[in-house]
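This report refers to the structure that appears directly beneath it.
There are 2 protein chains.
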Amino acid sequence: MPQFDHHIFVCENLRDPDDPRGCCALKGGEEIRLRFKEEIKKRGLKGKVRANKAGCLDQCAQGAAIVVYPEGVWYGHVTVEDVTEIMDSHIIGGKPVERLTI
Amino acid sequence: MPQFDHHIFVCENLRDPDDPRGCCALKGGEEIRLRFKEEIKKRGLKGKVRANKAGCLDQCAQGAAIVVYPEGVWYGHVTVEDVTEIMDSHIIGGKPVERLTI
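Heads up: the protein sequence lines correspond to chains S and Z, in order. The opening residue of the first sequence carries number 0 in numbering that gives the first Met the number 0; numbering runs sequentially from there. The opening residue of the second sequence carries number 0 in numbering that gives the first Met the number 0; numbering runs sequentially from there.
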């Protein structure tokens with residue numbers, strides 16, 4: 000069975016720009032996922048850590064939203080600038096980034 | 000923090016039909032996810048169990064592929080006909096469907 004130490008799901012759900020709920024696609028979802036992929040590769044973590052696109056995680060008001068399994072840690076209002084800190088503190092260091100958890 | 004008893008990610012990655020790797024979108028990924036959503040609703044599990052679309056889970060040869068967190072159980076060659084059994088045995092009963100695990 001495949002097993003990742005950390006499996007990062009980044010919401011990339013797209014809604015109409017006029018939709019009051021907002022959506023993670025318009026809050027940088029794809030860019031965040033691509034940055035995670037870069038950081039994973041750069042740190043030699045391919046096969047141990049995976050970043051995946053996800054459909055709506057139902058945290059629209061808190062987008063861009065992310066969930067990391069198996070630990071089930073949720074992040075909201077994530078920007079591409081936060082990726083390095085999540086990688087360093089949480090993925091490498093085992094300490095979730097409290098200021099971003101939801 | 001949101002917390003699902005079971006968070007089901009269904010690969011719906013789409014590749015060109017000629018791509019030798021195959022892809023889960025062409026093996027019923029979306030239909031499988033929609034069936035999970037129906038079953039979750041029917042059984043009153045909304046809020047406790049969630050089925051989400053996922054990008055490529057890197058199990059292309061075993062599509063349609065699914066991973067269920069936080070337990071990290073992976074399924075391959077899933078069809079829409081398998082959804083009820085996964086719901087009954089695994090999601091409700093706590094016993095993964097061995098014949099489909101990868």
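Note that beta-carbon positions come from the ideal geometry of N, C-alpha and C, so glycine has one too.
Quick check on DSSP: helix, strand or coil for Z/Arg34? Three-state DSSP puts Z/Arg34 in a helix.
If you run the structure through DSSP and keep just helix, strand and coil, what is Z/Ala60? DSSP places Z/Ala60 in helix when its eight states are reduced to three.
Proximity winner among Z/Ala63, Z/Val48 and Z/Phe35, relative to Z/Arg20 (alpha-carbon distances): Z/Ala63
Whether S/His76 touches S/Val48 by CB criterion (9 Å): no
Using only CA atoms, which one of S/Arg98, S/Lys94, S/Val82 and S/Pro95 lies nearest to S/Ile39? That would be S/Val82, whose Cα lies nearest to the Cα of S/Ile39.
Taking buried to mean at least 16 other C-beta atoms within 10 Å of its own C-beta, is S/Met86 buried or exposed? buried
Going along chain Z in order, which residues have a C-beta closer than 7 Å to the C-beta of S/Pro69? Tyr68, Pro69 and Gly71
Using the rule of at least 16 other Cβ atoms within 10 Å of the residue's Cβ for burial, across every protein chain shown, is S/Arg98 buried or exposed? exposed
Can you list the residues of chain S that Z/Lys52 reaches, using a CB-CB cut of under 9 Å? Asn12, Lys52, Ala53, Gly54 and Cys55
Who are the near neighbours of Z/Cys10 in its chain, counting only those whose CB is closer than 6 Å to its CB and skipping five residues on each side? Here the set comprises Cys23, Gly28, Ala53, Leu56 and Ala64.
Test: Z/His6 CB closer than 9 Å to a CB of chain S: yes
May I ask you to list the residues that DSSP assigns as paired with Z/Phe8? Z/Asn51 and Z/Val66
For S/Lys45, name the three-state secondary structure that DSSP assigns. strand
Pairwise C-alpha distance: S/Asp18 and S/Phe3: 35 Å
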